[in-house]
Amino acid sequence: MVHWFFLGGIFLIFLGTNQECFGGQLDLKKKSVKNNMNNLKSEIMFTDVTQKAGIKFIHENGGTGQYFYPETFGSGVCVIDYNADSAPDLVLINGNRDFSSLKKQKELKPIPNSIVLYHNNGNGTFSDRTQQAQIISELYGMGCSVGDYDNNGFQDLLVTGYEGFTLYHNQGKGSFEDVTQKAFQGKSQKGWATGSLWFDYDRDGDLDLFVGHYVQWSPKTDLWCTIDGKEKSFCGPEPYSGETNRLYQNRGDGTFQDVTKPSGLLNTKGKTLGVSMLDMDEDGWMDLVIANDMVPNFLYRNKQDGTFVEAALKKGLFVNERGLAKAGMGIDVADFENDGGPGILIGNFAHEQLSLFVRREKGVFVDESRNRGLAIPSHFFLTFGLFFFDFNLDGLLDIFTANGHVDRHASLISKGSTYQQRPLLFRQNKEKKFDEVGLDHGKALTRPVLGRGAVYLDYDEDGDLDIFLTENGGRPILYRNEGGNQNHWLRIGLVGTESNRDGIGALVKVKVGDQVLQAMVKTGSSYLSQSELPLTFGLGELKQAEWIEVQWPLGKVEKHDNIKSDQFIVFKEGKNIIKQIP
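The sequence shown stops at residue 1284 when you use my numbering, and every number in between is there.
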């Protein structure tokens, strides 16, 4: 990463890149790999259906040329089934402040509303239900996460942002109630809150809350930085002190207790953007992996006694092979090798390339982005949102990344890079390497954007996974997957009874032919965003799964034999199948 700063008359250069120099810009288009797609009848295309779907949202970052730090981040998006009809709805987060009012350190000027709820109509379109849902906020929004924290069957919503976060309880009647003061006993939830997730870290059957925090910034502490020595620009995280992340334990009565310090998570050295959950040692207890910006990453192992121990240094995730921290943005975790072990994907600054950590001997992670084909295609891209998903349903997880620079002077900060950048789509091949094929899968993926949050969802309920991407200061994009369902598939939803209602933390295994696919129901991940909770498994040419095994969060294991493909199945803990569509 390269940051150019001008502070107090001193011109500073921060060099954070650790990769080999390339002789000139790569012509990625010429190096694009034509997609064979296992002899499918027709090519898979991603088409921009945003307008057709009725999504009219425009992100406001409050920028008026003052270059206040939060303006450059953009915001995320969450997939939520707020009315429990199994159709994925969308929550979009807005900046919702006019930062021009901060020129003289005045009070923040609200521009309601910072949250927009889009209801899935079931016919390929969405309707704005923000007013009916009564979601009112003046927060400068950043991200969100979704989970049913009171196990009443309706998913609740957490919204993070500069100045703190807001908790909305789903009342089950299409509306939400701001319960922040009640849930946290009137204690002020301040700070710059970023990525968040819901998980049952103490295995008591209800969801606890983890909230990531970034840096200590305010209009009064804003620093004047520059690239060319003349015009103000964004400073980056280096001059600002970090904020500790927070862990809130669910008391089971609608309230939460801050257990950050006793749990061992109090740490002001982090500058967190992306957060994800995993079971790193396969003991059934949820651990945390955290992407930090220009400081070492965190990997917290759950000790099963209410505390966590930091293990990133021991496990190879702390810094890169040269001892330098990267600009970690988005993050995701998945078993992309189909070998039972988690792989960790992190988006970084331009010239830092994607990081793909693979678990090897003694549980140590090794960054294999170079020999897996990710490093060179991502070299000039600044990646925020990202995720693993199987876009062609062949049983191999692929990768999508949302990209866009943080400054209009991108070419000065990162030589060879641009401000707006196209998304990247990586297809995994049989050698477990990745080919960048975005240019081959529709005109929509070739258009440069200021990409930030990104999620996957099956919004049209046709079996394949579509993509939703947010832009900083612009319009989001809904990419419809056309042709991905030519292969067979299974979509699986869970309803917990003893475990938490959403089944978050459950591990689902699917036996397909000679391999076992597995995925965890998880919240968080990507960048300030959350994808849908139902799991999608690609079966390729096979028309059924030999068996499906569900390992519920509290330890119960249930197995189901001979499940036919091309359907959405909902399993209820202790009750077998309760819903099949079609």
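The C-beta atom is built at its ideal place from N, Cα and C for all residues, glycine as well.
Taken in chain order, the complete beta strand (DSSP E) segments of 3 or more residues contained in the region 1167-1239 are 1168-1173, 1179-1184, 1190-1197, 1209-1214, 1217-1222. The continuous alpha helix (DSSP H) containing threonine 882 extends over residues 882-885. Alanine 835 and phenylalanine 878 do touch by the CB rule: their CB atoms are close to 5 Å apart, below 8 Å. In the three-state DSSP reduction, isoleucine 1115 falls in the helix class (H, G or I). Note on leucine 1180: 16 or more other CB atoms within 10 angstroms of its CB, so buried under the neighbour-count rule.
Per DSSP, methionine 996 has no beta bridge partner at all. Under the three-state reduction of DSSP output, alanine 835 falls in the helix class. Taken through DSSP and simplified to helix, strand or coil, leucine 1047 comes out as strand.
Taking a contact as a CB-CB distance under 8 Å, the pair leucine 949 and aspartate 910 counts as one, their CB atoms being some 7 Å apart.
Taking each of Ser1119, Asp904, Asp858, Gly914 in turn and checking the Cα distance to tyrosine 864, the smallest one comes out for Gly914. Around the beta carbon of isoleucine 1280, fewer than 16 other beta carbons lie within 10 angstroms, which makes this residue exposed. Sixteen is the threshold: since fewer than 16 other Cβ atoms of the shown chains lie within 10 Å of the Cβ of alanine 786, the residue is exposed.
In the displayed model, lysine 889 falls within coil according to three-state DSSP, outside both helix and strand. At the C-beta level, threonine 1148 and valine 779 stay beyond 7 Å of one another.
Between the alpha carbons of alanine 1052 and alanine 1014 lies a gap of roughly 23 Å. For glycine 1226, the closest of Phe1089, Phe1093, Phe748 by C-alpha to C-alpha distance is Phe1089. Here the alpha carbon of aspartate 1069 sits roughly 30 Å from the alpha carbon of valine 848. Per DSSP, leucine 1015 is one residue of the alpha helix (DSSP H) stretching across 1014-1017. A residue is called buried when at least 16 other Cβ atoms come within 10 angstroms of its Cβ; glutamine 753 does not meet this threshold and is exposed.
Less than 7 Å separates the beta-carbon of glycine 1186 from that of asparagine 1094. Classified as buried, valine 991 has 16 or more neighbouring CB atoms from the shown chains inside 10 Å of its CB. The residues Ala1247, Glu1248, Trp1249, in chain order, have a CB closer than 7 Å to that of lysine 1213 in the same chain once the five nearest residues on each side in sequence are set aside. Within the same chain, Cβ atoms closer than 8 Å to the Cβ of glycine 1065 are found at Met982, Asp983, Lys1017, the five residues on either side in sequence being excluded. Nearest Cα to serine 935 within the set Ala1029, Asp1109, Thr1009, Val917: Asp1109. Straight-line measurement puts the Cα of leucine 899 at about 11 Å from the Cα of valine 861.
Per DSSP, the beta-bridge partners of leucine 1088 are Thr1103. Here arginine 1024 is exposed: its Cβ has fewer than 16 other Cβ atoms, across all protein chains shown, within 10 Å. About 11 Å separates the beta carbon of asparagine 1050 from that of leucine 1058, a gap too long to meet the 8 Å contact definition. Here the alpha carbons of valine 1252 and lysine 1211 stand approximately 7 Å from one another. With a contact defined as Cβ atoms closer than 8 Å, phenylalanine 1273 and leucine 1196 qualify at about 6 Å.
Of all alpha-carbon atoms in Trp926, Val818, Thr766, Thr827, the one lying nearest the alpha-carbon of aspartate 1160 is that of Thr827. Comparing C-alpha distances from serine 829 to each of Gly876, Ser816, Gly1140, Ser839 shows the shortest one belongs to Gly876. The continuous beta strand (DSSP E) containing phenylalanine 1136 extends over residues 1136-1138. Cβ contact annotation for lysine 1266 (same chain, cutoff 6 Å, sequence separation greater than five): Gln1246, in chain order.
In the displayed model, alanine 1029 falls within a strand according to three-state DSSP. Short of 7 Å from the beta carbon of histidine 821, and not among the five residues preceding or following it, lie these beta carbons of its own chain, in chain order: Asp791, Phe828, Ser829, Arg831.
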